[in-house]
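Beneath this line is the structure, given in structure tokens, with notes to follow.
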Amino acid sequence: MKKTFYFLVFISLVFFTNCSSDDNSSNQNNETYQKLIGKWYFDDPSTNPSVNNSFKFTSNGNVIYSYWTGTGNEYDNETGTFSVSNDIMTMTFPENVSLTFVQKVVFINNDKVEFLATGSPSEEAYEGDYFRD
Numbered sequence: 011m012k013k014t015f016y017f018l019v020f021i022s023l024v025f026f027t028n029c030s031s032d033d034n035s036s037n038q039n040n041e042t043y044q045k046l047i048g049k050w051y052f053d054d055p056s057t058n059p060s061v062n063n064s065f066k067f068t069s070n071g072n073v074i075y076s077y078w079t080g081t082g083n084e085y086d087n088e089t090g091t092f093s094v095s096n097d098i099m100t101m102t103f104p105e106n107v108s109l110t111f112v113q114k115v116v117f118i119n120n121d122k123v124e125f126l127a128t129g130s131p132s133e134e135a136y137e138g139d140y141f142r143d
């Protein structure tokens with residue numbers, strides 16, 4: 011009976027520790043993840059571009075891609091998720107079609123970041139330089 015009790019306790023512990031769906035906790039401890047939080051423009055905002063698409067990374071793991079609609083000052087956006095493992099970021103945009111981008115994140119300075127291809131042919135990167143708001 012005692013063995014059965016300990017076995018049930020063990021199974022309960024394994025079940026509850028393995029069923030956690032909070033993957034953000036590991037992301038939030040990642041330095042690259044933390045440095046990405048905020049709004050990043052496709053063109054340097056100090057040069058006053060007339061159109062400037064952006065990514066906005068939030069602390070809860072969402073990324074909002076804002077893009078010019080082609081008319082006046084109108085922008086549309088799509089919300090996805092992002093995660094970071096070491097210096098590799100994965101962004102997934104599931105709204106209209108499922109798009110997944112995997113790229114290496116390299117900080118040039120606090121206000122400029124570069125996304126690079128990982129070198130894996132199965133991973134598509136959203137390559138470029140981005141500038142903090």
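Mapping the sequence shown onto the working numbering, position 27 (from 1) lands on 37, and the numbers just tick up by one. We put the beta carbon where it would ideally sit given N, CA and C, even for glycine. Values in this document were obtained by computation on a predicted structure and should not be read as measured data.
Counting of Cβ neighbours within 10 angstroms places G82 among the exposed residues, the total staying below 16. For P104, the closest of K114, T89, V115 by C-alpha to C-alpha distance is T89. In the displayed model, T91 falls within a strand according to three-state DSSP. For V73 against F92, the beta-carbon gap comes to about 4 Å, under 8 Å, which counts as contact.
DSSP places Y43 inside the alpha helix (DSSP H), whose first and last residues are 41–46. Annotation for W78: V61, N63, Y85 place their beta carbon closer than 7 Å to its own, counting only its chain and skipping 5 residues before and after. E124 has its alpha-carbon roughly 11 Å from the corresponding atom of L46. Shown here, T128 sits in coil according to DSSP, grouped into three states, outside any helix or strand. V116 and S108 have their alpha carbons spaced roughly 25 Å apart. Under DSSP, D86 takes part in a beta bridge, and its partners are Y77.
The bridge partners DSSP lists for G138 are F125. Per the DSSP secondary-structure output, T110 pairs in a beta bridge with T102.
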